[in-house]
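Enquirer: Sharing a structure, written as structure tokens. Questions coming.
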């Protein structure tokens, strides 16, 4: 048997399959909400608090965005400790400001994490076409919210337009939904290197009498279990590149101990060995990490029922099984008629166990294009007809066209903004810099989806899988949180003579009079101190050569000696609990 060229051996011994008129019941996986929150906290909060601790001296030395004042420092410190409370700093920084300005990113993430378990089931029920509509429509919704906040709020409130528009979690919420939709599309359609031929391989299940149907394993009759009379389905499916393991599907409460499952999606992705299966729960142990307990839904255990595409035509007799699959260059073909495609506008439910049968009728060669997305996309507005394609190359090309159209539209907006600024002598703009915020996010999602549908064969996908890119992705958040305080300390080191003047600015901001000085004199001092702070924070171009390597080393050290021990301690505490 040649590795990688053999079809997985599929054997089944089953009773007759009852007719099922009920629609398929979407199978939603159990989501470990508590573990999700705990893992996020252990991953982010220690590094986030460390960045705040490092930034406090910069506030005391008045190198922060505002001169030091107890009226702003104490509330800012209190609200920065808990990321969600620093949501207020995104609305009015004159009273509550972030101790570490780049901490707004953690505030936004914490807001999204809070709603992730609520929105996930809703997003999982959407079809591919609807998810694409979320990605495209979310872009326009986010752009509308950002532009509205940027243009309207400064007319009524004392806000920083750019900060309020781009760093507010509420205005970024559409981006969160876009990311969820892109992630689900990636999980549904990403090619698995451990399954030869990817997830679209059609695996017929022989029945009694030699007839063959194509089955959808995600659909089963409500309240019926064809295997409950003692029959057993044994599916030999490849779970490793060079090994195979038996996956037994039995009636509830669960599969037998010792089998191997491939777990995808929100659970720790990898190959799990079943430790215990009882009372409807399955406890598994991955190759790395802690054991995971999740429900073993009855629908997974059902013998897959015929899908509408297979049930609508009579069964076809199988040809005699061949000992091996013919090579690609061979002209030998099976006489079995190909199954018609599954409906493409139905939401594919996510499963806990991902077997190769997940797309038995869903081959790219026979799958029609779903048609236009639910919401108009920018390429359609620019007369670039774009529909969700059915092949990896087609998807990559469409995503590239989409990104190119966004780039052209961005250049157009930038040109209009520049001309408007010249005509009004710099007094007015249309907010092109805000537009850029939405374009960058949309371009990133297009890259993610394009690389996913490209089946990881492109040079860009291979480059992103290199150890160097994986390491950089692991320390990227630490690098982002720590680089800003390092810039402040470098500014102080380059301007030591300004430190006494900066310390004298600490008595500002108490309002009214300062001793015997009039308010006008105090206002002039505020202006002078703000100008001094601005001058000190100006760094030469070569400062990047100092800050970048130091920040990378510090990010790696924090990840190794702060983040990793914190996560291990959290897991040990959870285990004792």
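In full-length UniProt numbering, the protein residues as written are 1 to 577. Beta carbons: idealized from backbone N, C-alpha and C, even for Gly.
1. Distance, Cα to Cα, residue 240 vs residue 544?
2. Measure how close the beta-carbons of residue 558 and residue 47 come, nearest whole angstrom, since I'm counting them as under 8 angstroms.
3. Apply the 10 Å Cβ neighbour rule to residue 128 and answer buried if 16 or more other Cβ atoms are within range, or exposed otherwise.
4. I need the DSSP call for residue 167, collapsed to helix, strand or coil.
5. Suppose you measure from the CA of residue 43 to the CA of residue 481; what does that come to, to the nearest Å?
6. How do the stretch 539 to 556 and the stretch 484 to 497 stand: do at least 3 beta-carbon pairs fall below 8 angstroms, yes or no?
7. Output yes or no for whether 8 angstroms exceeds the beta carbon distance between residue 131 and residue 184.
8. Give the single residue among 536, 505, 541 whose Cα lies nearest to the Cα of residue 524.
9. If you reduce the DSSP assignment to three classes, tell me which class residue 36 lands in.
10. May I ask you to report which of helix, strand or coil DSSP gives residue 539?
11. Please check the pair residue 503 and residue 61, which I expect to be a contact at CB under 8 angstroms, by giving their CB distance rounded to whole angstroms.
12. If you count every other CB in all the chains shown that lies within 10 Å of the CB of residue 173, and 16 or more means buried, which is it?
13. Do the stretch 565 to 575 and the stretch 48 to 58 meet, that is, are 3 or more Cβ pairs less than 8 angstroms apart?
14. Where does residue 125 fall in DSSP's three states?
15. Here's a check: name, in chain order, each residue in its chain whose Cβ is nearer than 8 angstroms to the Cβ of residue 81, leaving out the five neighbours to either side.
16. If you draw a straight line from the alpha carbon of residue 526 to that of residue 471, how long is it in whole angstroms?
17. Please determine, among 528, 96, 31, 114, the residue with the shortest C-alpha to C-alpha distance to residue 121.
18. Buried or exposed for residue 106, going by 16 or more other Cβ atoms inside 10 Å?
19. Less than 8 angstroms between the CB atoms is what I'm expecting for residue 138 and residue 178, so what's the real figure, rounded?
20. Using the rule of at least 16 other Cβ atoms within 10 Å of the residue's Cβ for burial, across every protein chain shown, is residue 104 buried or exposed?
21. Looking only at its own chain, which residues have a Cβ that is under 8 angstroms from the Cβ of residue 123, when we skip the five neighbours before and after it?
22. Is residue 61 helix, strand or coil by DSSP?
23. Where do the N-terminal and C-terminal ends of the alpha helix (DSSP H) with residue 469 fall, by residue?
24. Report the three-state DSSP secondary structure of residue 54 (helix, strand or coil).
25. Comparing C-alpha positions only, which one of 532, 163, 175 sits nearest to residue 141?
26. Determine the DSSP secondary structure at residue 172, reduced to helix, strand or coil.
27. Please name the residue in 39, 74, 63 whose C-alpha comes closest to that of residue 113.
28. Could you check the C-alpha separation between residue 555 and residue 478 for me, to the nearest Å?
29. Among 419, 79, 110, 463, which has the Cα closest to the Cα of residue 97?
30. Is it buried or exposed for residue 416, if we count other Cβ within 10 angstroms and need 16 for buried?
31. How many Å lie between residue 153 and residue 101 at the Cα?
32. Using the Cα positions of residue 474 and residue 464, report the straight-line distance between them to the nearest angstrom.
33. Nearest chain B C-beta to residue 418 closer than 8 angstroms, yes or no?
Expert: With the given structure in hand:
1. Caution is warranted here: a pLDDT of 28 is assigned to residue 240, below 50, making its placement in the model unreliable, and the coordinate value is therefore given only provisionally. If I take the Cα positions, the gap works out to 45 angstroms.
2. 6 angstroms
3. buried
4. coil
5. 13 angstroms
6. yes
7. yes
8. 505
9. helix
10. coil
11. 7 angstroms
12. buried
13. no
14. coil
15. 49, 52
16. 44 angstroms
17. 31
18. buried
19. 4 angstroms
20. buried
21. 131, 134, 177, 180, 181, 184
22. coil
23. 467 to 494
24. helix
25. 175
26. coil
27. 39
28. 5 angstroms
29. 79
30. exposed
31. 21 angstroms
32. 12 angstroms
33. Among the protein chains of the structure shown there is no chain B, as only one such chain exists.
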